[in-house]
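Sequential numbering of the sequence shown, starting at 1, is according to my numbering. Idealized CB from N, CA, C, for every residue including glycine. Structure first, then comments.
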Amino acid sequence: MRLLSSLGAVPRLADGDVLIRRPCDEDADTLLAGTHDPLVREFMQAVFPHPDRESAARWIADVPPRLWARDQAAHFAVVLDGGPAVGWAELVDLRPDQGTAEVSVWLLPEARSLRVAAAALRLVCRFGFEQLELRRIDAYAAADNMPVQVVGAFIGFRRVGHRPGAFRGSRNYALHDAVYATLFPEELC
Ligand SMILES: CC(C)(COP(=O)(O)OP(=O)(O)OC[C@H]1O[C@@H](n2cnc3c(N)ncnc32)[C@H](O)[C@@H]1OP(=O)(O)O)[C@@H](O)C(=O)NCCC(=O)NCCS
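Here it is as structure tokens:
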């Protein structure tokens with residue numbers, strides 16, 4: 001596996017009119033809105049609702065570059081039609097020794113139901129396989145989060161496990177059952 005910190009500039013990562021790029025200050029409003037979105041808070045763990053744009057901007061300036069430099073996580077803003085960011089895609093828990101990572105994605109409500117999620121998920125997985133030479137990408141979802149399971153299956157993820165009560169959302173910290181899916185390079189479609 002290649003280390004994130006060893007990569008030079010990330011090449012353009014686009015699929016039709018969907019593009020992912022490293023986050024920057026102009027994505028702060030999107031991050032602010034995303035961390036307050038009810039569905040994001042229900043179905044994603046450890047989402048901190050930023051109190052204002054400055055907090056989101058500070059987080060963008062600090063956390064993604066730091067985790068990238070430490071080879072721990074690759075964060076991307078999701079852009080549609082060259083407009084402002086409409087969501088976020090990330091590879092986290094990068095394990096260079098095992099060649100694995102975990103993927104997740106969220107979109108603002110206005111970008112949902114447009115097939116943007118599948119394109120963004122495919123792009124971030126392609127980055128993981130082609131740029132980092134990962135051997136496997138994992139995805140965990142709340143069992144009652146059907147959209148992300150449908151999107152994952154659409155690009156090749158295979159469900160391999162079910163873990164009762166393993167997932168705690170960020171809205172009211174309720175426990176959900178979790179499903180676990182994996183993707184190998186040759187399965188990405
Ligand atoms: C996950 C997410 C990015 C998917 O975005 P999306 O592209 O808008 O996905 P959709 O809502 O269109 O759903 C995708 C598919 O699931 C299907 N679907 C939606 N709800 C469903 C349900 N309850 N049962 C079965 N299928 C369902 C849709 O019909 C669609 O399939 P299609 O494209 O063949 O019509 C978006 O829902 C989101 O941001 N959620 C909050 C954050 C989140 O849960 N992230 C994942 C954490 S693991």
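Quick check on the burial criterion: 16 or more other C-beta atoms within 10 angstroms. Buried or exposed for residue i?
i	result
E90	buried
A46	exposed
N145	buried
V18	buried
V192	Look at the range of the chain in this structure, 1 to 189, and you will see that residue 192 is not part of it.
D27	buried
P23	buried
G128	buried
A273	No information on residue 273 is available, as it lies outside the stretch 1 to 189 that the chain covers here.
A178	buried
Looking at residue i: is its Cβ nearer than 8 Å to the Cβ of residue j?
i	j	result
L107	A117	yes
A69	L94	no
S170	R41	yes
G99	R136	yes
E102	A139	yes
F76	I20	yes
H176	F184	no
V160	Y180	yes
A111	V148	no
L67	H50	no
S194	D71	Within the shown structure, residues of the chain are numbered from 1 to 189, placing residue 194 beyond reach of any answer.
D25	I60	yes
Could you tell me how far apart the beta carbons of residue i and residue j are, in whole angstroms, since I believe they sit closer than 8 Å?
i	j	result
A142	F43	5 Å
P65	L3	The pair is not a contact, with the Cβ atoms about 15 Å apart (cut-off 8 Å).
R53	D29	6 Å
G165	W88	No, G165 and W88 are not in contact; Cβ-Cβ is about 26 Å, not under 8 Å.
R126	L188	7 Å
L7	Q131	6 Å
D15	A153	About 18 Å separates the two Cβ atoms, so there is no contact after all.
Taking 8 Å as the CB-CB limit, is residue i close to chain B?
i	result
G99	Checking the listed chains, one finds no chain B in this structure; it contains a single protein chain.
ask   = What are the start and end residues of each continuous alpha helix (DSSP H) run of 4 or more residues lying completely inside the segment 146-182, in chain order?
value = Within the segment 146-182, the complete alpha helix (DSSP H) segments of 4 residues or longer fall at 146-154, listed in chain order.
request  = Taking only runs that begin and end inside the segment 83-113, name each unbroken alpha helix (DSSP H) of 4 or more residues, in chain order.
outcome  = Listed in chain order, nothing qualifies, since the segment 83-113 has no complete alpha helix (DSSP H) run of 4 or more residues.
key: Segments of 4+ residues assigned as alpha helix (DSSP H) that fall wholly inside the segment 3-51   = DSSP runs (the alpha helix (DSSP H)) wholly in the segment 3-51: 28-36, 38-43.
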